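Enquirer: Structure below; questions to follow.
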Amino acid sequence: MIRITFPDGAVREYQKGITALEIAKSISEGLARKVLAASVNGQVWDATRPIEDDSALKLLTWDDADGKSTFWHSSAHLMAEAVESLFPGAKFWVGPAIDKGFYYDIDLGGRQITEEDLAKLEKKMNELVKQNSSYVRKSIPKAEALAYFTEKGDEYKLDLIGGLNDGEITFYTQGAFTDLCRGPHIPSTGPIKAIKLTNIAGAYWKNDSNNKMLTRIYGVTFPSQKELDEYLAMLEEAKKRDHRKLGKELGIFTMDDDIGPGLPLWMPNGTIIIEELEKLAKETEQAAGYKRVVTPHIAKENLYLTSGHLPYYQDGMFPPMELDGTKYYLKAMNCPHHHKIFSAEPRSYKDMPLRLAEYGTCYRYEQSGELFGLMRVRCLHMNDAHIYCSREQFAAEFRAVNDMYIKYFKIFGIEKYVMRLSLHDPAKLGQKYINEPELWLETEDMVRKVLIESNIPYVEVPGEGAFYGPKIDVQIWSTIGREFTLATNQVDFAQGRRFKLEYTGADNAPATPLIIHRAPLGTHERFIGFLLEHYAGKFPTWLAPLQVKILPISDKFMDYANTLLQSLKNADIRAEVDDRNEKIGKKIRDTELMKVPYMFVVGEKEVNENKVAVRRQGKGDLGSMDIDTIINQLKHEIATRSSDQE
RNA sequence: GCCACUUUAGCUCAGCUGGUAGAGCAACUGAUUUGUAAUCAGUAGGUCGUUGGUUCGAUUCCGACAAGUGGCUCCA
Numbered sequence: 086m087i088r089i090t091f092p093d094g095a096v097r098e099y100q101k102g103i104t105a106l107e108i109a110k111s112i113s114e115g116l117a118r119k120v121l122a123a124s125v126n127g128q129v130w131d132a133t134r135p136i137e138d139d140s141a142l143k144l145l146t147w148d149d150a151d152g153k154s155t156f157w158h159s160s161a162h163l164m165a166e167a168v169e170s171l172f173p174g175a176k177f178w179v180g181p182a183i184d185k186g187f188y189y190d191i192d193l194g195g196r197q198i199t200e201e202d203l204a205k206l207e208k209k210m211n212e213l214v215k216q217n218s219s220y221v222r223k224s225i226p227k228a229e230a231l232a233y234f235t236e237k238g239d240e241y242k243l244d245l246i247g248g249l250n251d252g253e254i255t256f257y258t259q260g261a262f263t264d265l266c267r268g269p270h271i272p273s274t275g276p277i278k279a280i281k282l283t284n285i286a287g288a289y290w291k292n293d294s295n296n297k298m299l300t301r302i303y304g305v306t307f308p309s310q311k312e313l314d315e316y317l318a319m320l321e322e323a324k325k326r327d328h329r330k331l332g333k334e335l336g337i338f339t340m341d342d343d344i345g346p347g348l349p350l351w352m353p354n355g356t357i358i359i360e361e362l363e364k365l366a367k368e369t370e371q372a373a374g375y376k377r378v379v380t381p382h383i384a385k386e387n388l389y390l391t392s393g394h395l396p397y398y399q400d401g402m403f404p405p406m407e408l409d410g411t412k413y414y415l416k417a418m419n420c421p422h423h424h425k426i427f428s429a430e431p432r433s434y435k436d437m438p439l440r441l442a443e444y445g446t447c448y449r450y451e452q453s454g455e456l457f458g459l460m461r462v463r464c465l466h467m468n469d470a471h472i473y474c475s476r477e478q479f480a481a482e483f484r485a486v487n488d489m490y491i492k493y494f495k496i497f498g499i500e501k502y503v504m505r506l507s508l509h510d511p512a513k514l515g516q517k518y519i520n521e522p523e524l525w526l527e528t529e530d531m532v533r534k535v536l537i538e539s540n541i542p543y544v545e546v547p548g549e550g551a552f553y554g555p556k557i558d559v560q561i562w563s564t565i566g567r568e569f570t571l572a573t574n575q576v577d578f579a580q581g582r583r584f585k586l587e588y589t590g591a592d593n594a595p596a597t598p599l600i601i602h603r604a605p606l607g608t609h610e611r612f613i614g615f616l617l618e619h620y621a622g623k624f625p626t627w628l629a630p631l632q633v634k635i636l637p638i639s640d641k642f643m644d645y646a647n648t649l650l651q652s653l654k655n656a657d658i659r660a661e662v663d664d665r666n667e668k669i670g671k672k673i674r675d676t677e678l679m680k681v682p683y684m685f686v687v688g689e690k691e692v693n694e695n696k697v698a699v700r701r702q703g704k705g706d707l708g709s710m711d712i713d714t715i716i717n718q719l720k721h722e723i724a725t726r727s728s729d730q731e
């Protein structure tokens with residue numbers, strides 16, 4: 086007998102070799118039907134795998150993340166079975182569960198798969214589900230596994246096995262399909278009730294662009310059709326807040342073939358948002374002791390040779406233009422220009438820290454396939470600044486930058502993000518990373534301490550640092566689930582030396598400053614793209630391109646509306662009168678759809694009482710108010726940058 | 001850059017198997033003077049992404065290019 090400990094602490098005895106599924110059955114048939122896998126001593130196992138020793142057991146169902154991913158991974162195998170039956174000779178690489186669903190990378194031997202084939206595959210999978218085949222685990226000696234796939238001529242699985250040790254190779258079979266797989270899997274195909282193959286994509290073998298491209302099929306499955314329907318409905322909802330769609334609808338930005346890919350044109354409404362953001366940045370930076378600078382959009386080749394960007398990142402820059410035998414580049418970053426401002430005058434320790442800020446325009450030649458609405462563009466405006474400081478000042482400066490992030494995030498209500506602390510890889514010192522082991526450890530430690538003391542949750546990622554120092558990235562996700570760095574805060578102990586930046590210390594000796602690169606509001610492009618999705622287009626009043634729309638009941642009240650408009654303008658509130666010859670219902674509908682925060686409805690009653698009927702976007706009629714009262718309320722809401730959506 | 005798909009009026013989309021295009025909304029004009037999410041009528045608007053080819057004839061078939069979309073790679 087073995088002793089099984091359950092999550093609630095209960096301990097029961099069972100026959101040695103019993104499976105999690107059998108244990109579930111002994112509790113209730115209903116539970117057994119729901120069990121997808123089991124956590125045995127913290128490891129995810131097949132629910133059908135015999136348990137030989139005393140163990141801590143947790144039965145995993147659809148409600149557990151590990152249960153879901155087991156379900157999806159098994160679905161990938163099911164899809165592979167369908168692919169093999171429809172495309173005989175297909176070779177399979179890997180088919181993992183992902184955040185939402187699964188994929189399988191497949192070599193179809195030069196054949197193409199189309200959208201229609203996905204429907205066929207779904208149909209085949211549904212047939213296979215009806216057979217309710219068990220997923221059978223089998224341990225295979227390495228030699229036997231190699232022989233099996235050598236005979237099959239499957240170089241991909243042979244490659245995988247090559248990296249495994251004898252004794253840790255398992256095969257899983259369901260129905261007619263056998264695959265090399267670590268597992269675990271759900272007991273059988275039956276529970277996969279709802280299947281949707283979402284898209285086809287190319288994916289490089291082993292994620293290396295030098296390798297062959299495999300066909301990747303993405304899919305998602307659920308235990309019931311209802312859940313699939315809900316998921317698809319959710320995707321439809323997400324599409325509605327896609328910044329590319331909203332950006333067009335709200336007149337924020339546009340793209341034009343004649344301008345070029347990745348070069349957004351900011352329309353008047355978008356420009357208002359840009360100006361509000363810059364106002365916020367200027368206020369904040371001025372209060373924090375920054376000095377604003379302005380630098381040209383181009384510079385000579387030599388600058389980027391000094392910075393080290395040209396040898397490493399030339400592919401990311403627009404090709405140079407040649408004038409009088411000298412090459413000029415569009416700037417892809419502002420730092421070298423700012424360094425030159427630092428070195429333009431002799432600096433003393435009394436000038437430090439020197440904080441130079443600029444909403445700098447940069448051009449980056451992003452690969453065509455990488456461009457994505459406003460989130461990934463070739464012309465960007467960066468909320469950039471460089472802080473030159475001594476080592477002693479560094480921690481305080483870095484912390485102040487961090488505080489600025491938090492302040493901004495509070496204003497915008499940004500809560501769903503991950504702070505990523507990117508560190509160096511000691512093995513690559515001198516190659517990918519500047520060879521200053523002590524400085525790396527010292528600055529990494531300083532950064533880590535700031536994060537901990539500021540009580541900011543973060544994840545550490547070794548091998549992701551910049552070549553000149555560790556950094557913090559703020560990772561966010563677009564509505565369609567793509568990950569982006571919204572903002573970045575970087576330590577740089579290399580550029581100072583490359584540019585021979587110096588200041589005279591209190592001891593009269595020259596010293597090289599540490600540099601902090603920071604962009605808490607990222608770029609206008611990405612930040613506004615993010616905000617569009619974050620707010621679903623419903624900007625808080627201070628950011629809204631149009632803050633108040635005055636809606637006269639009929640044109641009899643136009644004079645009153647125009648007087649009101651003047652009062653709003655005098656109070657620096659962005660307002661317009663809807664002077665169209667339309668019914669009030671139509672005016673309200675159109676204004677709601679344009680997501681204007683406030684509507685002032687004025688008719689006979691309001692004129693007589695010298696009031697306005699206030700309507701809040703998305704909330705409806707707020708009743709009638711005195712003009713001064715509502716204007717003062719709006720002024721306050723705007724001045725405090727309230728994100729209150731009441 | 002790579003794989004796949006898409007590209008018809010300002011927007012959203014129709015347009016069996018090739019015979020030079022249609023709706024709704026928006027725009028414009030007129031009527032209506034309206035009370036909290038679409039008043040009615042009329043008018044105008046398209047070299048069917050660009051460019052080669054096949055064909056008596058191409059929006060429709062094939063190729064190239066461009067832009068976009070979903071991924072992959074990349075992201076200083």
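Here this note's numbering is used: the first residue of the first sequence is 86, the next is one more, and so on.
For every residue, glycine included, the Cβ atom is placed at its ideal position computed from N, Cα and C.
Keep in mind it's a predicted model, so treat the numbers as computed, not measured.
Short check: CB of Ile469 to CB of Ala604, under 8 angstroms?
Expert: The sequence as given places Asp at residue 469; Ile does not occur at that position. The answer is yes: Cβ separation under 8 angstroms.
Enquirer: In this structure, how does DSSP classify His422 when only helix, strand and coil are distinguished?
Expert: It is helical.
Enquirer: How many Å lie between Thr753 and Ile519 at the Cα?
Expert: Because the chain in this structure spans residues 86 to 731, residue 753 falls outside the shown range and cannot be described.
Enquirer: With H, G and I counted as helix, E and B as strand and the rest as coil, what does DSSP make of Asp488?
Expert: Helix.
Enquirer: Give the secondary structure of Tyr620 by DSSP, where H, G and I count as helix, E and B as strand, and everything else as coil.
Expert: Here Tyr620 sits in coil by DSSP.
Enquirer: Tell whether a beta-carbon distance below 8 angstroms holds between Gly708 and Val699.
Expert: Yes; because the gap between Cβ atoms is below 8 angstroms, this pair is in contact.
Enquirer: Below 8 angstroms on the Cβ atoms is my guess for Leu508 versus Glu529; work out the distance and round it to an integer in Å.
Expert: That pair is a contact at about 5 angstroms.
Enquirer: Helix, strand or coil, according to DSSP, for Arg726 in the structure here?
Expert: Note: Arg726 maps to coil in three-state DSSP.
Enquirer: Assign Glu545 to buried or exposed, taking buried as 16 or more other Cβ atoms, counted over all protein chains shown, within 10 Å of its Cβ.
Expert: Exposed, because fewer than 16 other Cβ atoms sit within 10 Å of the Cβ of Glu545.
Enquirer: Given Gly548, which residues of its chain have a CB within under 6 angstroms of its CB, disregarding the five upstream and five downstream residues?
Expert: Around Gly548: Asp510.
Enquirer: Quick check on the DSSP output: the alpha helix (DSSP H) that includes Tyr397 runs from which residue to which?
Expert: Note, Tyr397: alpha helix (DSSP H), His394 to Tyr398.
Enquirer: If we ignore side chains and look at the alpha-carbon of each, how far apart do Phe177 and Trp157 end up?
Expert: Spanning the two alpha carbons is a distance of roughly 17 angstroms.
Enquirer: So what's Gln371 in DSSP terms, helix, strand or just coil?
Expert: Three-state DSSP puts Gln371 in a helix.
Enquirer: Taking the DSSP output, what are the residues bridged to Tyr414?
Expert: Tyr414 pairs with Ala384.
Enquirer: By alpha-carbon positions, which one of Asp664, Tyr397 and Val168 ends up nearest to Gln516?
Expert: Considering only alpha carbons, the answer is Tyr397.
Enquirer: Measure the CB-CB distance between Thr570 and Gln560 and report whether it falls below 8 angstroms.
Expert: Yes; because the gap between Cβ atoms is below 8 angstroms, this pair is in contact.
Enquirer: What does the alpha-carbon distance come out to for the pair Gly445 and Ala417?
Expert: Gly445 and Ala417: Cα-Cα distance of roughly 10 angstroms.
Enquirer: Measuring alpha carbon to alpha carbon, tell me which of Lys672, Gly410, Lys585 and Ala366 ends up nearest Gly607.
Expert: Comparing Cα positions, the closest option is Ala366.
Enquirer: Pairing CB atoms from the segment 271-286 with CB atoms from the segment 242-258, are three or more of them under 8 angstroms?
Expert: No, the segment 271-286 is not in contact with the segment 242-258.
Enquirer: Express the C-alpha separation of Ile601 and Lys32 in angstroms, rounding to a whole number.
Expert: Since the first residue of the chain shown is 86 and the last is 731, residue 32 is not available in this structure.
Enquirer: Name the DSSP beta bridge partners of Arg326, please?
Expert: Answer is none; Arg326 lacks a bridge partner.
Enquirer: Determine, using beta carbons only, whether Val681 and Ala629 come nearer to each other than 8 angstroms.
Expert: Yes.
Enquirer: Would Asn419 be called buried (16 or more neighbouring beta carbons within 10 Å of its own) or exposed?
Expert: Classification for Asn419: buried.
Enquirer: Would you call the CB atoms of Glu166 and Leu213 closer than 8 angstroms?
Expert: Yes.
Enquirer: Of all the beta strand (DSSP E) runs that stay within the bounds of the segment 438-496, which reach a length of 3 or more residues?
Expert: Counting only runs of 3 or more, we get 439-448 and 464-474.
Enquirer: Below 8 angstroms on the Cβ atoms is my contact criterion, and I expect Arg440 with Tyr375 to pass it. Report the Cβ-Cβ distance as a whole number of Å.
Expert: Arg440 to Tyr375, Cβ: 4 angstroms. Contact.
Enquirer: Using three-state DSSP, classify Ser432 as helix, strand or coil.
Expert: A small fix is needed here, since residue 432 is Arg in this sequence, not Ser. Strand.
Enquirer: Taking the alpha carbon of Leu171 as the point to measure from, which residue in Ile712, Glu207 and Ile716 has its own alpha carbon closest?
Expert: Among Ile712, Glu207 and Ile716, the Cα nearest to that of Leu171 is on Glu207.
Enquirer: Tell me the rounded alpha-carbon separation between Val305 and Ala288.
Expert: If I take the Cα positions, the gap works out to 18 angstroms.
Enquirer: Span of the beta strand (DSSP E) holding Gln516?
Expert: Premise fails: Gln516 is in no beta strand (DSSP E) and is neither H nor E.
Enquirer: Quick check on DSSP: helix, strand or coil for Asn296?
Expert: The answer is coil: DSSP assigns Asn296 none of H, G, I, E or B.
Enquirer: With 16 other CB atoms within 10 Å as the buried threshold, where does Lys704 fall?
Expert: It counts as exposed.
Enquirer: Quick check on the DSSP output: what are the complete alpha helix (DSSP H) runs of length 4 or more inside the segment 505-591, in order along the chain?
Expert: The segment 505-591 contains these whole alpha helix (DSSP H) runs: 522-538 and 580-583.
Enquirer: Check whether the segment 323-339 and the segment 445-459 touch, using three or more Cβ-Cβ pairs below 8 angstroms as the test.
Expert: Counting Cβ pairs under 8 angstroms, three or more are found: they touch.
Enquirer: With DSSP as the reference, label Thr648 as helix, strand or coil.
Expert: Three-state DSSP puts Thr648 in a helix.
Enquirer: Grouping DSSP H, G and I as helix and E and B as strand, with all else coil, what is Tyr241?
Expert: Three-state result, Tyr241: helix.
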